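Sequential numbering from 177 applies to the sequence shown in our numbering.
Everything below concerns the one structure shown next.
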Amino acid sequence: MNTRDEILRLGEELMRTQGFNAFSYYHLADALKLRPAAVHYHFPSKDALALSIISRSRETFHIFAENAAREPDLQKRLHQFVQIFSENAAAGKICLMGAAGADFYTFGDKTRAEIQLLVREIIVWLAALLRDGKASGVFTFDGTPRTRAMLIATNMAASLHIARILGKQEFQRIADQLVKDICTPKKSNSRRKEK
């Protein structure tokens, strides 16, 4: 891994564990045994670092989406999506969506636009999965696929915060319930007419 990639990796790690505004270039340089000037060489501003972290995360999500598309079982695709968050919970990290959202207004315009693209791409992908699943009878839920996608994504992001505070097991409870709510066929509320 080259120096630029190491800085990106550590920057993202710190963003997900401490928050983007909680660390400086000095922290990065010290942890990587570099001079702060070396960090500035690769990323002239901290906002440039944030932009690169978010861009890299978008690329990672695109790869995930391409790989997930090969899975014909829509429930398994949903589980693959949840697994991303599960791995973060196990590592004591919050997702980049949640980390970037917390500091959203401190970023520059380009970085904010990149964050919005990342979140939109996640929502669009998840909504398409839910739409296909609802159409094929695999998923059952009220509301539109887009609204349900936002509910799932925001619950997944928030569950990582809850897991930090109350324990990792809380993440799994939330994730299991979210999946169960759409994978379990809803019972009809209509009553049979008695003869």
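Even for Gly, the Cβ is constructed at its ideal location relative to N, Cα and C.
These figures come from a predicted structure and were not determined experimentally.
For Cys271, the three-state secondary structure derived from DSSP is coil. In this structure, DSSP gives Ala213 a helical state, which the three-state scheme calls helix. For Leu302, the enclosing alpha helix (DSSP H) starts and ends at 285 to 311. Taken atom to atom, the span from the alpha-carbon of Ser228 to that of Leu354 is near 32 Å.
Per the coordinates, the alpha-carbon of Ile350 lies some 27 Å from the alpha-carbon of Arg246. Residue environment for Ile291: buried (at least 16 other C-beta atoms within 10 angstroms of its C-beta). Between the segment 317 to 325 and the segment 336 to 350 there are fewer than three C-beta pairs closer than 8 Å, too few to call the two in contact.
Under the DSSP assignment, Val355 falls in the alpha helix (DSSP H) whose first and last residues are 344 to 359.
Residue environment: Lys269 is assigned as buried (16 or more neighbouring CB atoms within 10 Å of its CB, all protein chains considered). In this structure, the straight-line span from the alpha carbon of Ala205 to that of Ile260 is close to 29 Å. For Arg185, the enclosing alpha helix (DSSP H) covers residues 179 to 193. Residue environment for Ile341: exposed (fewer than 16 other C-beta atoms within 10 angstroms of its C-beta).
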